[in-house]
Amino acid sequence: MQPTFVVMTDFSAAAEAALAYTTRLATLVDGQVLLLHVFEDHAMNSVNFAPGPAFGQSGTLTRHRVSREAVLAELTREAQLLPVPAEVELMEPPMGDALHHLLAHRYPQLLVLGRAHAHAWFAHLLTQSHKAATLGATHIPVLLVPEDWPRPELPQHLVVAADGAPLALTPATQDLAPLLTRLHPAVTVVHIAAHAHGPSRAAEALEAVRETGLFGPLDGNSLYEEREVGPVAGLLQAANEVGADLLVVMPRPHFFPGNLFHHDVTADLLRRSPVPVLVLPAVA
């Protein structure tokens, strides 16, 4: 079955960055892209059609003059310009219901969001937990791409966060194995210890990630441990020091989805990371 990557778009710069990134991933595995827009008349004062050089010319339409037909036409135009097979979906709010319907009927391998400093779907999901909760119902992996991510190439060095506890993956996460295999990236497993003293669980963290089978052969040279630092600061420091261009976290059910978008480490990482973040749901 052809892999399907869903990109939520509001035609912002953040959404376009996510689309460009996703297109490269889809090309790698002969996948397809599904452009999803949830049409909400009251959501924004304007819709910015600014796809950038690769996807057409810039332009702006004021929201109150834009019909569903015009938005659908713009989605279709973008889809036709992509170098991979693409489809479009224009859905009615609320966003949570639209996402639930799509994920339950299309079974995509990945949901991709662009993170912007201004209004974007990520910000919308971040502040509305009852709608974001639909992501957990299907346990679908989520990729967050920062709006200003500058690198055009595919990710080459992954930092994988691990706490030393065993990891069992959801079927949806396992479905991403072919993509990770094709990427063939360098991998650094990062374990963060809050205290300076006491036994290290770094070896257990490395073994837990190795046993997932997602990241190829790993040995002691793949391990990075930080002590006396907060988890988010430690992960970002590790990513910077090793030159990583993708952060991978595998939250368990008590983190995903409720806390994922609020007060836990994953949420803070999604807000702050200067590099893309891939969230791969695990099971207890």
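With full-length UniProt numbering as the guide, the letters of the sequence shown map in order to residues 1 to 284. Here a beta-carbon is modelled for each residue, glycine too, at the ideal position from N, C-alpha and C.
Asked, Found
"When you compare the CB positions of residue 155 and residue 245, do they come within less than 8 Å of one another, or not?", "yes"
"Where does residue 267 sit, in a helix, a strand or coil, going by DSSP?", "helix"
"Among residues of its own chain, excluding the 5 on either side of residue 32, which ones have a beta-carbon nearer than 8 Å to its beta-carbon?", "2, 3, 4, 5, 26, 84, 85, 86, 87"
"Should residue 14 be counted as a contact of the ligand COA given a C-beta to heavy atom distance under 7 Å?", "Of the ligands one can find in the structure shown there are none, so the ligand COA has no counterpart to examine."
"Find out if the Cβ-Cβ distance for the pair residue 143, residue 276 is shorter than 8 Å.", "yes"
"So what does DSSP say about residue 250, is it helix, strand or coil?", "coil"
"Considering only C-alpha positions, which residue in the set 95, 250, 146, 239 is nearest to residue 281?", "250"
"Which residue from 97, 13, 141, 103 puts its Cα closest to that of residue 179?", "141"
"Do you know offhand how far residue 272's Cα is from residue 247's?", "12 Å"
"Contact defined as beta carbons within less than 8 Å: I believe residue 17 pairs with residue 8. What is the distance between those atoms, to the nearest angstrom?", "Going by Cβ atoms, the distance from residue 17 to residue 8 rounds to 12 Å, so no, they are not a contact pair."
"If contacts are defined as beta-carbon pairs under 8 Å, then residue 224 and residue 188 qualify, I think. What distance do you get, rounded to the angstrom?", "5 Å"
"Between the C-alpha atoms of residue 20 and residue 75, what's the straight-line distance to the nearest angstrom?", "14 Å"
"So, at 8 Å on beta carbons, what are the nonlocal neighbours of residue 166 in its own chain, with the 5 sequence-adjacent residues on each side left out?", "208, 211"
"Just to check my reading of the structure: residue 175 and residue 109 have Cβ atoms closer than 8 Å, yes? What is that Cβ distance to the nearest angstrom?", "5 Å"
"Report buried or exposed for residue 104, applying the criterion of at least 16 other Cβ atoms within 10 angstroms of its Cβ.", "exposed"
"So residue 79 and residue 35 are supposed to be a Cβ contact under 8 Å. How far apart are they, rounded?", "6 Å"
"Can you tell me which residues form a DSSP beta bridge with residue 5?", "33, 110"
"Please classify residue 115 as buried or exposed, where buried requires at least 16 neighbouring CB atoms within 10 angstroms.", "buried"
"So, using beta-carbon positions, are residue 82 and residue 182 closer together than 8 Å?", "no"
"My assumption, with CB atoms under 8 Å, is that residue 270 sits in contact with residue 215. Please give the rounded CB distance.", "That pair is no contact at about 21 Å."
"Measure the C-alpha to C-alpha separation of residue 153 and residue 160 and round it to an integer number of angstroms.", "19 Å"
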